[in-house]
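See below for the structure under consideration.
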Amino acid sequence: MTAVVEPPTVESTVHKDLGRIRSALLEAELAGRPADRYLAAYLAALRTAALVLAIRARPAQTAGRPRNAWQVLAEVAPELGEWAGFFASIEGKREAVRAGATTIVSARQADDLVRDAEAFLAVVERAIGRRSAGAADRTWAAGAGVNRS
4 MTAVVEPPTV
14 ESTVHKDLGR
24 IRSALLEAEL
34 AGRPADRYLA
44 AYLAALRTAA
54 LVLAIRARPA
64 QTAGRPRNAW
74 QVLAEVAPEL
84 GEWAGFFASI
94 EGKREAVRAG
104 ATTIVSARQA
114 DDLVRDAEAF
124 LAVVERAIGR
134 RSAGAADRTW
144 AAGAGVNRS
């Protein structure tokens, strides 16, 4: 008798994605070097955006010419537009750090980005009906005006 393998449910996929996001945030919090914290926090934010896109984007919105995830996020979830704009605004710095310019990120900037990524995740978790431990009091607008690039 052959076992029937059920396709993953949306719930299980969301659960796995949230676990990957939280792992990236934990990595960011534990990283010793500011550049490593910065990169891990940005990755967590990018994974959070990918989760929203997986839930809300239609294939037509992600097909065609290559586009930045932050651009698509702003289109698919306009209520997250300020967050998308914020993370898009620091993408150049993230690319520079990835390329080896590790001294351009201070410890404060790295710590701020970790907090921003956590706040962004909390907003998204609330939007999809989940609660984020430790970040439950943040609002959709938590990212407004935090452009710390």
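In terms of the numbering used here, the sequence shown is numbered consecutively and its last residue is 152. All residues carry an ideal CB built from backbone N, CA and C; glycine is no exception. Every value quoted in this text rests on a predicted model; they were computed, and no experiment measured them.
Quick check on residue i: does DSSP put it in helix, strand or coil?
i    : result
G95  : helix
S109 : coil
I24  : helix
I58  : helix
V17  : helix
G84  : helix
Taking 8 Å as the threshold (C-beta atoms), are residue j and residue i in contact?
i    : j   : result
F123 : A31 : no
How many angstroms separate the CA atom of residue i from the CA atom of residue j?
i    : j    : result
R97  : Y45  : 8 Å
Y41  : A125 : 18 Å
T12  : A99  : Its pLDDT being 49, under 50, T12 is placed unreliably in this model, and the value from its coordinates should be taken loosely. The alpha-carbon atoms of T12 and A99 are separated by roughly 38 Å.
R25  : L56  : 18 Å
D114 : P81  : 27 Å
S109 : A120 : 17 Å
Taking residue i as the reference, which of the options has the closest Cα?
i    : options                 : result
V17  : G35, A38, T51 and L28   : T51
E94  : G35, V79, L116 and R129 : L116
E104 : L28, L29 and R36        : The residue you asked about is not Glu; residue 104 is Ala in the sequence shown. Comparing Cα-Cα distances from A104 to each of L28, L29 and R36, the minimum goes to R36.
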